[in-house]
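> The numbering of the sequence shown is UniProt numbering, which starts it at 1 and goes up by one.
Glycine included, every Cβ here is placed at the ideal spot set by N, Cα and C.
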Amino acid sequence: GKKVLEGTKKSKMNRKKEKKEKREERKKGMKREEEKIENMIKVVKGIIKEQIRAMKRGGEEIRGRIKRKRGEERREIISLEGETSSYEEEMEIGEIIKRVFEVRKLEEEYFGLEKRYEAQTDK
Numbered sequence: 001g002k003k004v005l006e007g008t009k010k011s012k013m014n015r016k017k018e019k020k021e022k023r024e025e026r027k028k029g030m031k032r033e034e035e036k037i038e039n040m041i042k043v044v045k046g047i048i049k050e051q052i053r054a055m056k057r058g059g060e061e062i063r064g065r066i067k068r069k070r071g072e073e074r075r076e077i078i079s080l081e082g083e084t085s086s087y088e089e090e091m092e093i094g095e096i097i098k099r100v101f102e103v104r105k106l107e108e109e110y111f112g113l114e115k116r117y118e119a120q121t122d123k
């Protein structure tokens, strides 16, 4: 019976090692995913900031007038990281808002990943 026992001990050790290796792989995968998302956020934020700067350089009115269907005026102000700006064209505002929401969504996804990653490493 001694030989059988040794065999199970060995396979138990191997299983433990395999589990550990799998966990390490998962960690690496999460890290890569995090870096990808971080870069995406940087890129999107950069695009938005650059657009705001371009608008300001273009001497656009900071008080934004948006032509509504009924001709009434409405102001839309977008504040992103302390930079406040607004634009004449509804389309441009729509685009910026869409991008801002995309950034927020990316950030939420990123923080979700981060939390899951932390939960896994705590074990």
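Determine, using beta-carbon pairs with one atom in the segment 107-123 and one in the segment 5-22, whether at least three such pairs fall under 8 Å.
no
> When you compare only the Cα positions, how much space is there between I41 and R53?
18 Å
> Return the CA-CA distance between F101 and V44, expressed in angstroms with no decimal places.
10 Å
> Short of 7 Å in beta carbon distance, which residues of its chain neighbour E109, apart from the five on each side in sequence? Order them along the chain.
I37
> Once the 5 residues before and after R99 are set aside, which same chain residues still bring their CB inside 7 Å of it?
Sequence-distant Cβ neighbours of R99 in its own chain, meaning closer than 7 Å and more than five residues away, are V44, I47 and I48.
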